[in-house]
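Student:
There are 2 protein chains.
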Amino acid sequence: MNYRINENLCQAKLSIIRRISDLALENKQPDERVVLFSSGQPADEAMPVELVKEYTAKVIDEYGCDVIQYGGHKGYPKLFPEIRKFLNKDGEVAKEDDDFIITYGSSEAIFAVGSAFIKPGDRVIVENPTYLNATNSFKYCGAELVPVAVDADGVNIEALEEAMKGGARFFYTIPNFGNPSSITMSLEKRKAVYKLAVKYQIPILEDNPYGYLRFSGNEYIPPIKSFDQEGIVLYMGTFSKIVAPGMRCGFLCANKELIPKFVVFKGVSSSGNINWSQYIVTEFLKNVDINAHIAKISVIYEDKARAMYNKMKECFHPSVEYTMPQGGMFIWAKLPDTVKATDFCLDAAKNLRIAVVPGNDFFCGSPEDCSYIRLNFSKPSVEDIEYGIEKLGELTYKYCGK
Amino acid sequence: MNYRINENLCQAKLSIIRRISDLALENKQPDERVVLFSSGQPADEAMPVELVKEYTAKVIDEYGCDVIQYGGHKGYPKLFPEIRKFLNKDGEVAKEDDDFIITYGSSEAIFAVGSAFIKPGDRVIVENPTYLNATNSFKYCGAELVPVAVDADGVNIEALEEAMKGGARFFYTIPNFGNPSSITMSLEKRKAVYKLAVKYQIPILEDNPYGYLRFSGNEYIPPIKSFDQEGIVLYMGTFSKIVAPGMRCGFLCANKELIPKFVVFKGVSSSGNINWSQYIVTEFLKNVDINAHIAKISVIYEDKARAMYNKMKECFHPSVEYTMPQGGMFIWAKLPDTVKATDFCLDAAKNLRIAVVPGNDFFCGSPEDCSYIRLNFSKPSVEDIEYGIEKLGELTYKYCGK
Numbered sequence: 005m006n007y008r009i010n011e012n013l014c015q016a017k018l019s020i021i022r023r024i025s026d027l028a029l030e031n032k033q034p035d036e037r038v039v040l041f042s043s044g045q046p047a048d049e050a051m052p053v054e055l056v057k058e059y060t061a062k063v064i065d066e067y068g069c070d071v072i073q074y075g076g077h078k079g080y081p082k083l084f085p086e087i088r089k090f091l092n093k094d095g096e097v098a099k100e101d102d103d104f105i106i107t108y109g110s111s112e113a114i115f116a117v118g119s120a121f122i123k124p125g126d127r128v129i130v131e132n133p134t135y136l137n138a139t140n141s142f143k144y145c146g147a148e149l150v151p152v153a154v155d156a157d158g159v160n161i162e163a164l165e166e167a168m169k170g171g172a173r174f175f176y177t178i179p180n181f182g183n184p185s186s187i188t189m190s191l192e193k194r195k196a197v198y199k200l201a202v203k204y205q206i207p208i209l210e211d212n213p214y215g216y217l218r219f220s221g222n223e224y225i226p227p228i229k230s231f232d233q234e235g236i237v238l239y240m241g242t243f244s245k246i247v248a249p250g251m252r253c254g255f256l257c258a259n260k261e262l263i264p265k266f267v268v269f270k271g272v273s274s275s276g277n278i279n280w281s282q283y284i285v286t287e288f289l290k291n292v293d294i295n296a297h298i299a300k301i302s303v304i305y306e307d308k309a310r311a312m313y314n315k316m317k318e319c320f321h322p323s324v325e326y327t328m329p330q331g332g333m334f335i336w337a338k339l340p341d342t343v344k345a346t347d348f349c350l351d352a353a354k355n356l357r358i359a360v361v362p363g364n365d366f367f368c369g370s371p372e373d374c375s376y377i378r379l380n381f382s383k384p385s386v387e388d389i390e391y392g393i394e395k396l397g398e399l400t401y402k403y404c405g406k
Numbered sequence: 005m006n007y008r009i010n011e012n013l014c015q016a017k018l019s020i021i022r023r024i025s026d027l028a029l030e031n032k033q034p035d036e037r038v039v040l041f042s043s044g045q046p047a048d049e050a051m052p053v054e055l056v057k058e059y060t061a062k063v064i065d066e067y068g069c070d071v072i073q074y075g076g077h078k079g080y081p082k083l084f085p086e087i088r089k090f091l092n093k094d095g096e097v098a099k100e101d102d103d104f105i106i107t108y109g110s111s112e113a114i115f116a117v118g119s120a121f122i123k124p125g126d127r128v129i130v131e132n133p134t135y136l137n138a139t140n141s142f143k144y145c146g147a148e149l150v151p152v153a154v155d156a157d158g159v160n161i162e163a164l165e166e167a168m169k170g171g172a173r174f175f176y177t178i179p180n181f182g183n184p185s186s187i188t189m190s191l192e193k194r195k196a197v198y199k200l201a202v203k204y205q206i207p208i209l210e211d212n213p214y215g216y217l218r219f220s221g222n223e224y225i226p227p228i229k230s231f232d233q234e235g236i237v238l239y240m241g242t243f244s245k246i247v248a249p250g251m252r253c254g255f256l257c258a259n260k261e262l263i264p265k266f267v268v269f270k271g272v273s274s275s276g277n278i279n280w281s282q283y284i285v286t287e288f289l290k291n292v293d294i295n296a297h298i299a300k301i302s303v304i305y306e307d308k309a310r311a312m313y314n315k316m317k318e319c320f321h322p323s324v325e326y327t328m329p330q331g332g333m334f335i336w337a338k339l340p341d342t343v344k345a346t347d348f349c350l351d352a353a354k355n356l357r358i359a360v361v362p363g364n365d366f367f368c369g370s371p372e373d374c375s376y377i378r379l380n381f382s383k384p385s386v387e388d389i390e391y392g393i394e395k396l397g398e399l400t401y402k403y404c405g406k
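Going down the list, the sequences are from chains A and B.
Read left to right, the first sequence gives residues 5 to 406 (my numbering).
Read left to right, the second sequence gives residues 5 to 406 (my numbering).
What follows is the structure in structure tokens.
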């Protein structure tokens with residue numbers, strides 16, 4: 005049977021993150037050790053799994069079948085004020101004129117915005133490098149990606165203005181601990197980005213999955229959304245990293261005029277979110293001291309980041325470049341220009357059973373030559389980090405010379 | 005801010021099911037009684053909510069954080085063999101060459117197939133009337149709907165062949181207790197439909213949410229998928245009606261060559277399903293005697309259907325036509341041609357606070373003149389059914405004369 009699947013789907017491919025993890029696990033023997041630095045998963049020990057069990061019993065006792073009935077397309081009404089409180093705890097992010105819709109993680113929010121805004125051939129401005137699942141989603145929707153370089157303090161403003169002059173449906177940015185680069189955009193740049201968006205009337209899609217995972221640097225930089233006076237910023241958050249990714253509980257916060265469109269989209273695409281996870285997240289936000297919780301998990305992440313960084317310092321070839329991150333989940337490292345990240349990562353996955361993601365697919369156009377690799381420190385144990393980095397260290401010497 | 009949302013989303017509207025329910029609830033006073041015959045929700049008393057609580061504790065004790073981590077895009081591997089066993093319990097439906105992907109209810113499976121197959125302007129053949137969320141989804145994807153009439157024993161075969169001659173991306177059908185009509189397609193017609201699909205090489209999208217909710221007639225009619233020798237049938241099932249809709253656990257069963265495409269789609273659109281609900285459904289399928297469970301809930305549904313039917317016989321104007329259903333969740337009733345269903349339903353919602361869905365949007369093109377109404381009997385209590393039908397009965401006399 006020739007199914008004639010649409011080209012945009014045929015051209016889309018399984019994320020390199022999944023492919024490299026699969027490769028490391030392929031035909032694994034029982035006694036072989038596998039270390040995955042490839043995922044974006046939070047630490048198991050940072051996830052409140054016992055609370056989830058407790059809250060499940062609690063909400064079922066309290067709300068009965070409502071917990072497992074159909075929910076509304078927009079989301080669980082009691083969750084919205086809790087999210088607003090959470091978002092605005094350090095300063096006003098969600099304005100009076102803003103409203104919310106609950107999505108299956110920020111993934112679905114990204115796809116919903118892509119579907120609503122992009123027509124085939126439309127330009128979408130993205131940081132380069134950026135989150136590959138977002139660019140995959142925009143490409144699936146037909147976008148022509150317009151890459152803008154990123155400096156150490158965030159997107160390059162001149163390049164962004166140049167890109168905006170050509171018009172675009174929106175600008176997608178991860179201002180806090182950008183994935184994969186772990187770069188944070190400075191306050192000045194956030195203001196400049198907002199000004200440009202207003203000047204060129206190009207909406208900003210602000211993705212903030214990692215903002216609360218800061219373990220050093222210690223400064224709160226307000227999201228771009230907090231400057232928003234005219235509903236030009238669409239802000240996406242998720243409880244994947246601070247509660248659990250398996251809740252698939254993300255949200256889009258945008259001008260209330262816009263939300264009903266996404267409610268219709270949810271009706272068409274997946275018919276509303278799972279009530280259970282929304283009830284659990286509501287309980288969590290109501291009952292847990294969120295600042296204390298974030299402080300607690302930040303320690304876990306810092307310890308792991310430091311373990312990885314220190315071991316890299318000890319074992320990696322000195323020509324490899326990287327810095328100790330101040331938050332997030334990743335170390336973004338650069339091998340010498342002569343080394344192809346894909347060769348390095350395929351070798352590591354196949355022969356060491358260590359999964360590290362080559363940087364290629366995070367760059368627009370997935371250039372064949374790329375010497376960056378992304379290392380996740382949040383999910384593996386410290387023991388696995390030390391074992392894995394030592395092995396990878398040996399590999400850097402194979403690739404970078406003595 | 006002018007957001008310039010895509011036309012297909014702007015044209016899509018919130019389902020009449022939600023709108024009519026909202027209307028009945030609008031500005032409700034505390035002492036006012038509201039009855040919703042508008043939903044497609046299962047009966048609360050048919051949902052194993054205590055088991056969900058028990059299984060949640062069990063799987064968290066057994067699998068820990070895996071229950072709330074990211075899941076695979078395809079779904080929870082242990083769920084697949086359980087679905088296969090379930091699907092094939094009365095005869096082979098899923099073949100050796102078939103594979104599965106888990107979706108957020110059948111809603112997401114419908115949308116995924118629509119997205120994968122439909123390009124703007126493509127023809128999609130649908131039964132007329134049919135499930136409005138499916139046609140909304142196909143229209144969102146750009147489909148030109150080709151309606152085919154339905155007889156008492158299922159789709160009209162001659163009309164279907166005529167439609168297929170013109171080509172189409174697929175034919176969407178609900179052969180068991182079609183929504184809204186509650187019509188079941190005969191075995192002969194299923195075979196004929198399959199033959200036509202093969203002849204014209206037009207895939208069949210077979211949607212079977214209600215097939216297990218048969219409480220009389222007592223015959224098992226194999227799904228069209230069970231005749232499938234060449235992977236031309238894409239079969240969609242869901243645990244919404246036999247476990248709980250809030251699990252948002254549906255699936256697509258199709259040739260294994262096709263599934264990887266949908267895995268990519270899931271990666272792009274929502275990044276995999278919630279593990280929790282897949283773990284719960286797996287436990288359910290492993291531990292519960294599924295035939296006994298279905299028999300138990302069938303009694304609940306039959307009692308409610310009979311309560312509604314008997315009360316309609318007693319209270320409705322004799323010119324209203326309907327039959328006692330043999331399964332499913334709905335009575336599909338026809339008012340006299342002179343009565344506009346929308347007038348009737350708006351009146352009921354606004355003035356009686358009883359939500360009944362007018363049939364218009366279930367028909368292609370949502371004709372303004374339609375005298376059908378859809379009444380859900382599964383969700384309201386028997387007491388609410390009797391109260392609501394009595395009130396609606398009075399309204400039929402207002403609209404149909406003495």
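Glycine included, every Cβ here is placed at the ideal spot set by N, Cα and C.
Quick caveat, the model's predicted, so the values are computed rather than measured.
I'd like the ranges of any beta strand (DSSP E) spanning at least 3 consecutive residues and lying wholly in the stretch 245-272 of chain A.
Tutor: Fully enclosed beta strand (DSSP E) runs of no fewer than 3 residues occupy 254-259 of the stretch 245-272 of chain A, in order along the chain.
Student: Can you give the Cα-Cα distance for Y135/A and N10/A, rounded to whole angstroms?
Tutor: Along the first sequence, read from residue 1 onward, the residue named residue 135/A stands at position 131. Along the first sequence, read from residue 1 onward, the residue named residue 10/A stands at position 6. Distance from the CA atom of Y135/A to the CA atom of N10/A, rounded to whole angstroms, is 24 Å.
Student: Could you give the first and the last residue of the continuous alpha helix (DSSP H) run that contains M168/A?
Tutor: Locating residue 168/A in the first sequence gives position 164, counting from the first residue. First-last of the alpha helix (DSSP H) with M168/A: 161-169.
Student: With a threshold of 16 other CB atoms inside 10 Å of the CB of S220/B, please say whether the residue is buried or exposed.
Tutor: By one-based count along the second sequence, residue 220/B stands at place 216. By the 10 Å Cβ count, S220/B comes out exposed.
Student: Within the continuous alpha helix (DSSP H) that includes V117/A, where are the two ends?
Tutor: For the purposes of this step, residue 117/A is identified with residue 113 of the first sequence, where counting begins at 1. Residues 109-121.
Student: As a quick exercise: from I106/B, L238/B, E287/B, K245/B, pick the residue whose alpha carbon is nearest that of Q73/A.
Tutor: One-based indexing of the first sequence puts residue 73/A at position 69. When only C-alpha atoms are compared, the closest one is K245/B.
Student: Helix, strand or coil: which one does DSSP assign to T60/B?
Tutor: Taking the second sequence and counting its residues from 1, one reaches residue 60/B at position 56. Helix.
Student: Whose Cβ in chain D lies nearer than 8 Å to the Cβ of I236/B?
Tutor: Absent from the structure: chain D. Protein chains present are A and B.
Student: On a Cα-Cα basis, can you pick out the residue from N277/B, D351/B, K229/B, E325/B that is closest to G109/B?
Tutor: Stepping through the second sequence from its first residue, residue 109/B is reached at position 105. Of N277/B, D351/B, K229/B, E325/B, the residue nearest in Cα terms is N277/B.
Student: Quick check: what's the CA-CA separation for G76/A versus P46/B?
Tutor: Here residue 76/A refers to the residue found at position 72 when the first sequence is read from its first residue. Here residue 46/B refers to the residue found at position 42 when the second sequence is read from its first residue. If I take the Cα positions, the gap works out to 15 Å.
Student: Would R378/B be called buried (16 or more neighbouring beta carbons within 10 Å of its own) or exposed?
Tutor: Counted from its first residue, the second sequence places residue 378/B at position 374. Buried, because 16 or more other Cβ atoms sit within 10 Å of the Cβ of R378/B.
Student: Where R23/A and L350/A are concerned, what is the direct C-alpha to C-alpha distance, given to the nearest angstrom?
Tutor: Taking the first residue of the first sequence as position 1, residue 23/A is located at position 19. Taking the first residue of the first sequence as position 1, residue 350/A is located at position 346. R23/A and L350/A: Cα-Cα distance of roughly 10 Å.
Student: Find the residues of chain B that neighbour E409/A, judging by a C-beta separation of less than 7 Å, and give them in chain order.
Tutor: Residue 409/A lies beyond the residue range present for chain A, which begins at 5 and ends at 406; the question has no answer from this structure.
Student: Give me the Cβ distance between V361/B and I20/B, rounded to the nearest whole Å; I'm assuming they're in contact under 8 Å.
Tutor: Within the second sequence, the letter at position 357 stands for residue 361/B. Within the second sequence, the letter at position 16 stands for residue 20/B. Yes, they are in contact, since the Cβ atoms of V361/B and I20/B sit about 6 Å apart, within 8 Å.
Student: Would I284/A pass as a contact of Y59/A if the rule is Cβ separation under 8 Å?
Tutor: Here residue 284/A is taken as the residue at index 280 of the first sequence, counted from 1. Here residue 59/A is taken as the residue at index 55 of the first sequence, counted from 1. Closer than 8 Å, so yes.
Student: Please state if the CB of V267/B and the CB of K78/B are separated by a distance shorter than 8 Å.
Tutor: For the purposes of this step, residue 78/B is identified with residue 74 of the second sequence, where counting begins at 1. For the purposes of this step, residue 267/B is identified with residue 263 of the second sequence, where counting begins at 1. Yes; because the gap between Cβ atoms is below 8 Å, this pair is in contact.
Student: Out of P151/A, E223/A, T139/A, L83/A, which one is the CA nearest neighbour of W16/A?
Tutor: Position 12 of the first sequence, counted from the start, is the residue given in the question as residue 16/A. Note that residue 16/A corresponds to Ala in the displayed sequence, not to Trp. With respect to the C-alpha of A16/A, the residue from P151/A, E223/A, T139/A, L83/A having the closest C-alpha is T139/A.
Student: So with CB distances below 7 Å, who are the chain B contacts of A120/A?
Tutor: Here residue 120/A refers to the residue found at position 116 of the first sequence. In chain order: I9, N10, L13.
Student: Are the stretch 254-267 of chain B and the stretch 97-114 of chain B in contact at 8 Å, needing three or more beta carbon pairs?
Tutor: yes
Student: Buried or exposed for D65/B, going by 16 or more other Cβ atoms inside 10 Å?
Tutor: As a position in the second sequence, residue 65/B is number 61, starting the count at 1. With fewer than 16 Cβ atoms within 10 Å of its Cβ, D65/B is classed as exposed.
Student: Between D101/B and chain A, is there a C-beta pair that is closer than 8 Å?
Tutor: As a first step, residue 101/B is located in the second sequence; it is residue number 97 there, counting from the start. So, not an interface residue.
Student: Check each candidate in V71/A, A61/A, I206/A and name the one with the smallest Cα separation from V247/B.
Tutor: Numbered from its first residue, the second sequence carries residue 247/B at position 243. Closest option to V247/B, judged by alpha-carbon separation, among V71/A, A61/A, I206/A: V71/A.
Student: Measuring straight from C-alpha to C-alpha, what distance separates H297/B and V63/B?
Tutor: As a working mapping, residue 297/B is identified with position 293 in the second sequence. As a working mapping, residue 63/B is identified with position 59 in the second sequence. Distance between the alpha carbons of H297/B and V63/B: 21 Å.
Student: Would you list the one or two residues that DSSP bridges to A337/B?
Tutor: By one-based count along the second sequence, residue 337/B stands at place 333. DSSP, once it has assigned bridges, lists I377/B as partnering A337/B.
Student: Got a sec: is the Cβ-Cβ distance from F367/B to anything in chain A below 8 Å?
Tutor: Taking the second sequence and counting its residues from 1, the one referred to as residue 367/B is at position 363. No - not a single Cβ of chain A is within 8 Å of the one on F367/B.
Student: According to the neighbour-count rule (16 or more other Cβ atoms, all chains shown, within 10 Å of its Cβ), is N355/B buried or exposed?
Tutor: To locate residue 355/B, count along the second sequence from 1; it is residue 351. So N355/B ends up on the exposed side.
Student: Should the stretch 204-213 of chain B be called in touch with the stretch 311-331 of chain B, which here means at least 3 C-beta pairs below 8 Å?
Tutor: no
Student: Nearest by alpha-carbon distance to P34/A: which of F366/A, F381/A, R357/A, L396/A is it?
Tutor: Within the first sequence, the letter at position 30 stands for residue 34/A. For P34/A, the closest alpha carbon among the candidates F366/A, F381/A, R357/A, L396/A is that of R357/A.
Student: What residues of chain B sit near A98/A, judged by a beta carbon separation below 8 Å?
Tutor: Looking up residue 98/A in the first sequence gives position 94. Within 8 Å Cβ-Cβ: nothing; A98/A doesn't reach chain B, min ~16 Å.
Student: When we look at the beta-carbon of P322/B and count the other beta-carbons within 10 Å, is it buried (16 or more) or exposed?
Tutor: Translated into the one-based positions of the second sequence, residue 322/B becomes position 318. Exposed is the call here.
Student: Short of 8 Å in beta carbon distance, which residues of its chain neighbour W280/A, apart from the five on each side in sequence? Order them along the chain.
Tutor: Here residue 280/A refers to the residue found at position 276 of the first sequence. Excluding residues within five positions, the ones whose Cβ falls inside 8 Å are T60, V63, V71, I72.
Student: Label C145/A either buried or exposed according to how many other C-beta atoms from any shown protein chain fall within 10 Å of its C-beta, with 16 as the threshold for buried.
Tutor: Here residue 145/A corresponds to residue number 141 of the first sequence, with the count starting at 1. Under this definition C145/A is a buried residue.
Student: Could you check whether F367/B and N132/B sit closer than 8 Å to each other, using their CB atoms as the reference points?
Tutor: As a first step, residue 132/B must be located in the second sequence, where it is residue number 128. As a first step, residue 367/B must be located in the second sequence, where it is residue number 363. In contact: N132/B and F367/B (Cβ atoms closer than 8 Å).
Student: Let me know the secondary structure DSSP gives L18/A once reduced to three states.
Tutor: Here residue 18/A refers to the residue found at position 14 of the first sequence. In this structure, L18/A counts as coil in the three-state DSSP scheme.
Student: Let me know the secondary structure DSSP gives M5/B once reduced to three states.
Tutor: Stepping through the second sequence from its first residue, residue 5/B is reached at position 1. Correct three-state label for M5/B: coil.
Student: Following the continuous alpha helix (DSSP H) through A138/A, name the residue where it begins and the one where it ends.
Tutor: Here residue 138/A is taken as the residue at index 134 of the first sequence, counted from 1. Here the alpha helix (DSSP H) through A138/A covers 136-144.
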